[in-house]
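Following our numbering, the numbering of the sequence shown begins with 211 at its first residue and continues without gaps.
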Amino acid sequence: MINTDFLNQLDRFHLVVKKRVTSNYIGPRKSIAAGRGLTFKDHRIYSPGEDIRLIDWKVFARTDDLYIKTFEEERNLTAHIIMDASASMGFGKPISKFDYAAMLGVGFAYLAMRENEKFQFSTFAESLDVFQSRRGMSQLASMVFHLNNTKTQGLSKLLDAMVQYKKVIGSRSMLVLVSDFLVDIDEVTETLYTLGDHEIKVIQLLDPIEKNLKYSGDFKLVDSETQSRLRTYVSPRLRVEYQQMLDSHTAKIEETCNKLGIHFHQLTTDTPIFDAFYKVLE
């Protein structure tokens, strides 16, 4: 649950971020196209037939040569914040993975808002809920309302959701994707390749119990997404095998991210939320 205390902390956090973090992910972007824009870029030699209004007459007075100014157009970045709301994200106490993901998502949205960037937020499970990209506090309020009223349920259709979401991404954007990624590794890999040429932050979010299984003895395990049940005995050997499988799964995700130039982070819900922001932004 996102409350006013968290939002007040975000305001202080924004000031600290400006001092501590040098980030390429928030703030105005410069396009690679040169034209009559906002920021002076360079001079180049005038070619006959070009608009004489572009000539820099001050340079001509000094050099007797005709030069025109070129500019870089500043284009604002759209931040896309996408959160997994499938049943498995409801796991965890005292804070669920989804509640933690919601705070991360609102944090990124808040930073974008403070830089006057547009941001778009979405949740997915078996279907995708997409909200239009906008600027401002009203957009942030809509996001908080939606997240506070979202119930985690259903299967994680990660690939289907991202194939659908890709259609709403316009120009080059920044994407933040938060999930536990506890689905088949081939689906995760295909998803990452699907997202394309954007600045992407992938955050794998786990509960501490999932990260380091410490229980032992007889248990009845229930899959939160399929409701299938399994009785098993958690032995030291099983814990080792579980850890190896989880580490291998995560390593494959990270390897694919590295190949594609995607920033990968694994977090657990016992990490102080603002420490998590620093880790992801640095």
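Ideal Cβ positions, reconstructed from N, Cα and C, are used throughout, including at glycine.
Rounded to the nearest angstrom, how far is the Cβ of residue 408 from that of residue 383, given a contact under 8 Å?
Yes, they are in contact, since the Cβ atoms of residue 408 and residue 383 sit about 5 Å apart, within 8 Å.
Report the partner residues of residue 294 according to the DSSP bridge assignment.
Under DSSP, the beta-bridge partners assigned to residue 294 are 334.
In three-state DSSP terms, what is residue 480?
Note: residue 480 maps to coil in three-state DSSP.
On the three-state DSSP scale, how would you describe residue 265?
Residue 265 falls in the strand class under three-state DSSP.
Measuring straight from C-alpha to C-alpha, what distance separates residue 391 and residue 427?
Roughly 27 Å between the two C-alpha positions.
Where residue 345 sits in the DSSP three-state scheme
Coil at residue 345, not helix or strand.
Helix, strand or coil: which one does DSSP assign to residue 310?
Helix.
Rounded straight-line distance, which links the Cα of residue 477 to that of residue 483
Cα-Cα distance, rounded: 10 Å.
DSSP has residue 384 in a bridge; who is on the other side?
Answer is 289 and 409.
Residue 236, buried or exposed, once every other Cβ within 10 Å from all chains shown has been counted against 16:
With a pLDDT of 44 at residue 236, under the threshold of 50, the modelled position of that residue is not reliable, and the figure given next carries that caveat. It is buried - the Cβ of residue 236 has at least 16 other Cβ atoms within 10 Å.
Does DSSP put residue 277 in a helix, in a strand, or in coil?
DSSP, read as helix, strand or coil, puts residue 277 in strand.
Which of helix, strand or coil DSSP assigns to residue 458
In the structure shown, residue 458 falls within a helical segment according to DSSP collapsed to helix, strand and coil.
Between which two residues does the beta strand (DSSP E) holding residue 444 run?
Unbroken beta strand (DSSP E) run through residue 444: 439-444.
If you run the structure through DSSP and keep just helix, strand and coil, what is residue 257?
In the structure shown, residue 257 sits in coil (DSSP, three-state: anything other than H, G, I, E or B).
For residue 252, name the three-state secondary structure that DSSP assigns.
Here residue 252 carries a strand assignment [DSSP, helix/strand/coil].
Reduced DSSP category for residue 365 - H, G, I as helix; E, B as strand; rest coil
Residue state, collapsed to three classes: coil.
Three-state secondary structure (DSSP) at residue 301?
In the three-state scheme derived from DSSP, where H, G and I count as helix and E and B as strand, residue 301 is classed as coil.
Using three-state DSSP, classify residue 270 as helix, strand or coil.
Residue state, collapsed to three classes: helix.
Identity of the residue in 368, 406, 364 and 349 nearest residue 381 by Cα
Per the Cα distances, 406.
Please classify residue 340: does DSSP put it in a helix, a strand, or coil?
Secondary structure of residue 340 (DSSP, three-state): strand.
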